[in-house]
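Using this note's numbering, the first residue of the sequence shown is number 678, and each one after it goes up by one. These notes concern the structure reproduced below.
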Amino acid sequence: YPLSVSLANDSPGSPDAGSGPGAQPEWVDCIQASDMCNQNPYCSSRYRVMRQCLVGKEKEAMLDNNRECQAALEVLLVSPLYDCRCKRGMKKELQCLQNYWTIHMGLTEGGDMDDSSPYEPVAPNRQPDVFRLASISSGFHCLDPERNCNPCLDAAKACNLNGSCKRQRSAYIATCSKEDPNKGETCSKKRCHKALRLFLDRVPPEFSHRLLFCPCQSEGCAERRRQTIVPDCSYKDKEKPNCLELRKVCRQDSLCRSRLADYLVNCWVTPHAVSTCPNQDNHQACLASYARLIGTEMTPNYVDSSFSNWTISPWCTCKGSGNQEEECLNFLRYFTDNTCLRINLISTDYKTFYYHSKSLHILCAAAFIKQLKKMPLTAKIDQSRRRQLTKTNTTNNTGEGE
């Protein structure tokens, strides 16, 4: 088609853009690709037809049997829209994803789970291990044996010392805890999900991921970790849907479908695969794509407060699947039996948490000094005397005990 030649040559993401360190990637974002298509009368007319083919409950029949829909798809397959991608967290992310699925939904509708991600490929992680995102570990040992460690509590303290994290965390907790009298529910799951997505989009991973992936060695810590996303509102429902039905609901939403596909691309390998993760150069891509599922219909979470034998799953079941039980269980294993996800969560690399623990103590000390500077001199003296008195009493009591 002449269309593919003329549009591809204009695309900044085309292979002709060059190669080497300064070259642009071999794709264009889907908003720009849509604009390019709309500038070409032949492409824009087929693009409009394709969008109409994907509206309504009969879209599968339309795509399979309608010649006009098939002809439109054939034209769009040689346009920049076919190879377009979206950037994670971009300003018009939802619009970009909708443009992507206008083509790719037509290719995958009615089939098994599409394993292609609409997002740009993940770059290799070249940072040293000490700066890696914190990960969960059932075998985490306290760095200070005399200290009763609760890394999830430390993560919350670190969040409260960061203005953005504290503000966004307070916002989603308030939203997810608020009753929705109009529906007779304890909360609005839709608003809760939106607030969670804002938190994860706006707060740096060094704070948000520490809350989600803090390592625990006690049930109290594990329960705090489970409660991070306010699961009574964001996760649970009155009844557990079938996992295949939940997958169907997710695939009808551009955002949920995209983030689920991205999670599978970055986290899932077949049981007999040699590698443990799809992206050997960046294992942390798995945890990042997992976190981005939170706030969608496919929101995952820890199913209980176990710290030694934990399980992660969406809120769904495979009971009553009938002859689709095997397909349902295979889908559920993307979460419950995911080698890449589990290895990232049970990482034995504790350098990160040691690094963040030291940072937390420094932040706490700085906050105390800042507060002390604002206090009147008399208050400082009184506080110093109280501290000295407490120390003296403690010494005396210890002596009496001996």
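All residues carry an ideal CB built from backbone N, CA and C; glycine is no exception.
| Query | Result |
| --- | --- |
| Bounding residues of the alpha helix (DSSP H) (the contiguous stretch that carries Asn715) | 707-715 |
| Beta carbon of Gly997 nearer than 8 Å to that of Asn919 | yes |
| Proximity to Val926 [Cα-Cα], best of Lys913, Tyr967, Thr973, Asp939 | Thr973 |
| Environment of Asp706 [buried if 16+ CB atoms lie within 10 Å] | buried |
| Cβ-based burial, Lys866 [other Cβ within 10 Å; buried from 16] | buried |
| Pairwise C-alpha distance: Asn986 and Asn1015 | 14 Å |
| Extent of the continuous beta strand (DSSP E) run through Pro977 | 977-979 |
| At least three beta-carbon pairs within less than 8 Å, the stretch 962-971 to the stretch 929-944 | yes |
| When His949, Asp760, Gln729, Val752 are compared against Gln709, the one with the closest alpha-carbon | Asp760 |
| Range of the contiguous beta strand (DSSP E) that encloses Ser990 | 989-991 |
| Residues that Tyr796 bridges to, as DSSP identifies them | Cys763 |
| Beta-carbon proximity of Leu774 to Pro795, cut-off 8 Å | yes |
| Arg846 vs Phe876 beta-carbon contact at 8 Å | yes |
| Gln894 vs Phe984 beta-carbon contact at 8 Å | yes |
| Where the alpha helix (DSSP H) through Tyr849 begins and ends | 840-854 |
| Cutoff 7 Å; reference Met782; Cβ partners in own chain excluding five residues on either side | Leu731 |
| C-beta atoms of Leu964 and Ser911 nearer than 8 Å | no |
| Close Cβ partners of Asn956 (< 7 Å) along its chain, the five nearest in sequence each way excluded | Val799, Asn943, Ala962 |
| Straight-line Cα distance separating Glu751 from Asp930 | 24 Å |
| Selected residue, minimal CA-CA separation from Asp878, among Gln729, Ser966, Val980, Tyr777 | Ser966 |
| For Asn641, the three-state DSSP class (helix, strand or coil) | Shown here, the chain extends from 678 to 1079; a query on residue 641 therefore has no answer. |
| Coarse secondary structure for Asn1021, derived from DSSP in three states | helix |
| C-alpha distance - Cys714 paired with Glu896, whole-angstrom precision | 55 Å |
| Rounded Cβ spacing between Glu900 and Ser990 (contact assumed at less than 8 Å) | Not quite, the Cβ-Cβ distance comes to about 17 Å (not below 8 Å), so this is no contact. |
| DSSP state of Asn743 mapped onto helix, strand, coil | coil |
| Span separating the alpha-carbon of Pro718 from that of Tyr724 | 10 Å |
| Separation of Val946 from Leu1006, as counted between CA atoms | 16 Å |
| 8 Å CB neighbourhood of Phe1012 in its chain, flanking five on each side removed | Pro977, Ile989, Ser990, Pro991, Leu1018 |
| 6 Å CB neighbourhood of Trp778 in its chain, flanking five on each side removed | Ser931 |
| Inter-residue spacing [alpha-carbon to alpha-carbon] between Cys898 and Met767 | 34 Å |
| Alpha-carbon to alpha-carbon, Ala832 and Arg887 | 6 Å |
| Option in Ser935, Arg765, His949 with minimal Cα separation from Gln793 | Note that residue 793 is Ser in the sequence shown here, rather than Gln. Nearest C-alpha to Ser793: Ser935. |
| Buried or exposed (CB count within 10 angstroms, at least 16 for buried), His960 | buried |
| Alpha carbon of Val907 to alpha carbon of Lys871, nearest angstrom | 13 Å |
| Nearest-angstrom Cα separation, counted from Glu883 out to Asn839 | 11 Å |
| Buried or exposed by the 16-neighbour rule on C-beta atoms within 10 Å, applied to Val951 | exposed |
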